[in-house]
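> Residue numbers are given in this note's numbering: position 244 of the sequence shown equals residue 338, and the series is strictly consecutive. Note that beta-carbon positions come from the ideal geometry of N, C-alpha and C, so glycine has one too.
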Amino acid sequence: MKCPKCGAWNAAYLPKCTQCGAPLPQKEDGPAAWEESLYKKKPSLEVTTFDEKEELSASEQKPQSDDAGFDPEELNRADLTDELEDLKKRREDGKKRIRQMKEQADRVRRSIQEAQIVRPIPESDELSAGYSGDSAAIRRRQQQKQTAYTHPDEADAPPEDDYGYFGDPAYEHPLAYDDDDPHAPIYYDGYTPDSGDQGALTDEEYMPRRVQTRPAYTEQDTRGSGKRRKSPLRIVLTVLLLLLGCGAMGIGGVLIARHFVLSQGMQVRNDNETRVELTATTVDDHPAHVITIYGRENATVYLREMQTSYVIADGKVSITVPDYMWYDTESSTFATAVETDTMDISITPYIRYSQEGDQYQLDPIEYAIDVPLSPIRLVKPTTVRADVGVSIYEVQINVEKGSTVIIDGTNVSTLIRETGNVSKNVQVLPVGDNTISISVKSKYCRENKMEVTLYRAEQDIPLELDATVLVEWNYEPISAEKYAAATAEEKAAMHIPSISGTTLPGATITVDFPHRNLEVDPNTGRFSFIPLFSQLGNNDVVIRASYEGKADSVITHTVYYMPNADIYTRRAWDLDAQYTDLVNYITMRKGTIYMGTGTITRIVSTTPQMAIMNIGNDNFEKLVMLENSSKTTWTVGTKYRIYGEAYGLYDTMPRLTVRYTYLVE
95 MKCPKCGAWN
105 AAYLPKCTQC
115 GAPLPQKEDG
125 PAAWEESLYK
135 KKPSLEVTTF
145 DEKEELSASE
155 QKPQSDDAGF
165 DPEELNRADL
175 TDELEDLKKR
185 REDGKKRIRQ
195 MKEQADRVRR
205 SIQEAQIVRP
215 IPESDELSAG
225 YSGDSAAIRR
235 RQQQKQTAYT
245 HPDEADAPPE
255 DDYGYFGDPA
265 YEHPLAYDDD
275 DPHAPIYYDG
285 YTPDSGDQGA
295 LTDEEYMPRR
305 VQTRPAYTEQ
315 DTRGSGKRRK
325 SPLRIVLTVL
335 LLLLGCGAMG
345 IGGVLIARHF
355 VLSQGMQVRN
365 DNETRVELTA
375 TTVDDHPAHV
385 ITIYGRENAT
395 VYLREMQTSY
405 VIADGKVSIT
415 VPDYMWYDTE
425 SSTFATAVET
435 DTMDISITPY
445 IRYSQEGDQY
455 QLDPIEYAID
465 VPLSPIRLVK
475 PTTVRADVGV
485 SIYEVQINVE
495 KGSTVIIDGT
505 NVSTLIRETG
515 NVSKNVQVLP
525 VGDNTISISV
535 KSKYCRENKM
545 EVTLYRAEQD
555 IPLELDATVL
565 VEWNYEPISA
575 EKYAAATAEE
585 KAAMHIPSIS
595 GTTLPGATIT
605 VDFPHRNLEV
615 DPNTGRFSFI
625 PLFSQLGNND
635 VVIRASYEGK
645 ADSVITHTVY
655 YMPNADIYTR
665 RAWDLDAQYT
675 DLVNYITMRK
685 GTIYMGTGTI
695 TRIVSTTPQM
705 AIMNIGNDNF
715 EKLVMLENSS
725 KTTWTVGTKY
735 RIYGEAYGLY
745 DTMPRLTVRY
755 TYLVE
């Protein structure tokens, strides 16, 4: 509210003015007069229309005085609809007019680009006093000048731009001519406004501007060259200024180059402070290398091949890189698969001394690493080539747990047992060699591939063993006398080995191995017999089928005979007590089972595993060469109790084939 005394504005709720303290008029209970007038006042309506001749006219409709005020309900909706239609029409007319104006501007622009010079030749009676003389000579001079305007010397003319002009108006003054000069060129672009163009300029209003076209420049250069000709002193000063400028630029360039060279030299000295050390180590029992880079504090080191950056702290940064990170593609994103035993590593380090500074390359870090091969141990067959007489054969290998194993094209990784053994039944055809491919990829190792050849001879007489034929026997042999004397219950509890198969009906079966109870069915060709195992280890059972008029078919079937630990260990002699007797009478003791307890001192080979054990004491050592045929893998420094049969001598040490191994705590 405005103070009536001092004119200051105050809040409406204040009783007095905050400036002078005068009382303020109180607001009336009802609305103010001006509020009522605004409420009752009807809005004025001004309509702008264009007639067909594009003459602008405006009309204003004043609101009718109505004491009742404006009532929206009394609005004539038909009139409102008409006004909306008029508004749409005016909008379309406006768009049309804007399009016409754009076309008009485009015509003006083209006419300027295509401008022509018109130089009218004055009549003799219009010549001024300065043009007195022979009229023919006057006309000739005028024609020469007109030719100079319209046909300039293009060889000396400056280059034109896209519109036929040259020069920069921001730096060059446009040519000016005296309007009283009858020889001044007149430029006419040929533009004639359309009669229907609204706001088009008339001939009097439209004055073509004088621009720097090539004819104008040539005319000005021809007529006024003396005015623009530079004096020799000005030329000399210009040359001196140019020489001084070039000299200053040269000195500046030398200073900048000197600063750059000095800075680069300092950077080289800084780089010389950086050195790299490489040491071998292990990470989780896997070989690795430690890269130590010494340098300036807070400098950033980037290893390109590893795509990682490190910051130097306390004068150095140490990076431990496991060797498998370079060849194991499953463990690293920058690894490269290799098929060789070794791999050459080259790391390119870069160093940067500040966030904004340049990055400099250091000497490459180079070293070689060993690439271990994924371990594979054949369990069945024991060699990479074997003769088989069955159509379905179980191939069994031993690998590390967690390996990826593919046998004969089938992934059997999920079938690996706790012992590491995994197997697959493969088909063996009687066509000679059957090649079975094996692929093993252990963690942190390169892939190991192996091929096993299962030979099954071509047969004129079909001869095949059952798929369930035994390949390993772990029970005590039972003689024919013992079996005959046993009761029915004892016979049922006995473990008796049996080999069975099929052949051509009417064929004769011969077994070249100790056996008993050979039975052959001449109608079906089924046969079976009981082998008598007496030799520990592998036993080759040879089976032959004969038929008149056909070549014999032969199968060699290998059975691993090893009594179970309960039976085997009861036959063992004490190796420590019998050590001297075994060395002296090795030929007689060959095949005898011994038990010894000692510590593994050295691993001689891994496939098969052979080691030296000391079964003696601190005062007197007794060394034994052992070949491991048990299910336990030995380690150096570990104490074991072993059971095995004598095989021979190795140097002066007795040699045993170990069947069972037990860890001694």
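(1) Let me know the secondary structure DSSP gives Asp615 once reduced to three states.
(2) Let me check understanding here. Comparing Cα to Cα, which of Tyr754, Ile624, Lys474 and Tyr444 lies closest to Arg665?
(3) What does the Cβ neighbour count give for Arg550, buried or exposed, with the cut at 16 atoms within 10 Å?
(4) Counting only the same chain and skipping the five closest in sequence on each side, list residues whose C-beta sits under 6 Å from that of Ser440.
(5) Could you tell me which residues DSSP puts in a beta bridge with Met682?
(6) The alpha helix (DSSP H) spanning Arg664 covers which residue range?
(7) What are the start and end residues of the beta strand (DSSP E) that includes Lys733?
(8) Relative to the C-alpha of Asp646, which candidate in Arg471, Ile637, Glu545 and Ser507 has its C-alpha closest?
(9) Measure the C-alpha to C-alpha separation of Gly514 and Thr751 and round it to an integer number of angstroms.
(10) Under 8 Å: do the segment 573-581 and the segment 654-669 share three or more Cβ pairs, one atom per stretch?
(11) According to the Cβ coordinates, are Gly631 and Ile680 closer than 8 Å?
(12) Taking 8 Å as the threshold (C-beta atoms), are Met437 and Ile413 in contact?
(13) By how many angstroms is the C-alpha of Lys585 removed from the C-alpha of Arg610?
(14) So what's Met419 in DSSP terms, helix, strand or just coil?
(15) I'd like the ranges of any beta strand (DSSP E) spanning at least 3 consecutive residues and lying wholly in the segment 694-727.
(16) My assumption, with CB atoms under 8 Å, is that Ile530 sits in contact with Glu545. Please give the rounded CB distance.
(17) Go ahead and label Leu720 buried or exposed: buried means 16 or more other beta carbons lie within 10 angstroms of its beta carbon, across all protein chains shown.
(18) Flag this pair as yes or no: are the beta carbons of Leu717 and Asn708 separated by less than 8 Å?
(19) Among the residues of its own chain, which have a CB less than 6 Å from the CB of Ser536, if the five just before and after it don't count?
(20) Taking 8 Å as the cut-off, decide whether the C-beta atoms of Gly600 and Phe621 are in contact.
(21) May I ask you to verify whether the segment 405-425 touches the segment 373-392, counting CB pairs closer than 8 Å and requiring at least 3?
(22) DSSP on Met343, reduced to helix/strand/coil?
(23) Between the alpha carbons of Lys684 and Tyr744, how many angstroms are there, rounded?
(24) If Gly619 sits next to Thr650, beta carbons under 8 Å apart, how far is it from one beta carbon to the other, in whole angstroms?
(25) Would Ile661 be called buried (16 or more neighbouring beta carbons within 10 Å of its own) or exposed?
(26) I need the boundaries of the beta strand (DSSP E) containing Tyr756, first residue and last residue.
(27) Classify His383: buried if its beta carbon has 16 or more other beta carbons within 10 angstroms, exposed otherwise.
(28) Helix, strand or coil: how does DSSP classify Leu269 here?
(29) Are Tyr756 and Pro657 touching if we call contact CB-CB under 8 Å?
(30) Thinking C-alpha only, which one of Val465, Ala574 and Val405 is nearest Pro381?
(31) By how many angstroms is the C-alpha of Thr746 removed from the C-alpha of Tyr734?
(32) Does DSSP put Asp606 in a helix, in a strand, or in coil?
(33) So if DSSP puts Lys96 in a beta bridge, which residue, or which two residues, is it bridged to?
(34) Using beta-carbon positions only, say whether Ile532 and Ile491 come within less than 8 Å of one another.
(35) If I measure Cβ to Cβ from Glu390 and keep anything under 7 Å in the same chain, skipping five residues before and after, which residues do I get?
(36) Is it buried or exposed for Ser724, if we count other Cβ within 10 angstroms and need 16 for buried?
According to the structure shown:
(1) coil
(2) Tyr754
(3) buried
(4) Pro458 and Glu460
(5) Bridge partners of Met682: none, in fact.
(6) Segment Ala659 to Arg664, the alpha helix (DSSP H) holding Arg664.
(7) Lys733 to Tyr744
(8) Ile637
(9) 22 Å
(10) no
(11) In this structure, Ile680 does not lie closer than 8 Å to Gly631 by Cβ.
(12) no
(13) 16 Å
(14) helix
(15) Counting only runs of 3 or more, we get 703-708 and 717-722.
(16) 7 Å
(17) Buried is the label assigned to Leu720, since at least 16 other Cβ atoms lie within 10 Å of its Cβ.
(18) Yes; because the gap between Cβ atoms is below 8 Å, this pair is in contact.
(19) Ser468, Glu494 and Ser497
(20) no
(21) Three or more beta-carbon pairs separated by less than 8 Å link the segment 405-425 to the segment 373-392, which places the two stretches in contact.
(22) helix
(23) 13 Å
(24) About 20 Å separates the two Cβ atoms, so there is no contact after all.
(25) exposed
(26) Met747 to Leu757
(27) buried
(28) The predicted position of Leu269 is uncertain, since its pLDDT is 46 and thus under 50; no value can be drawn from it.
(29) no
(30) Val465
(31) Going from the Cα of Tyr734 to the Cα of Thr746 covers about 22 Å.
(32) strand
(33) Trp103
(34) yes
(35) It is worth fixing the name first, because residue 390 is Arg in this sequence and not Glu. If we look at Arg390 and ignore the five residues flanking it on each side, its Cβ neighbours are Asn364, Glu367, Ile406 and Tyr447.
(36) buried
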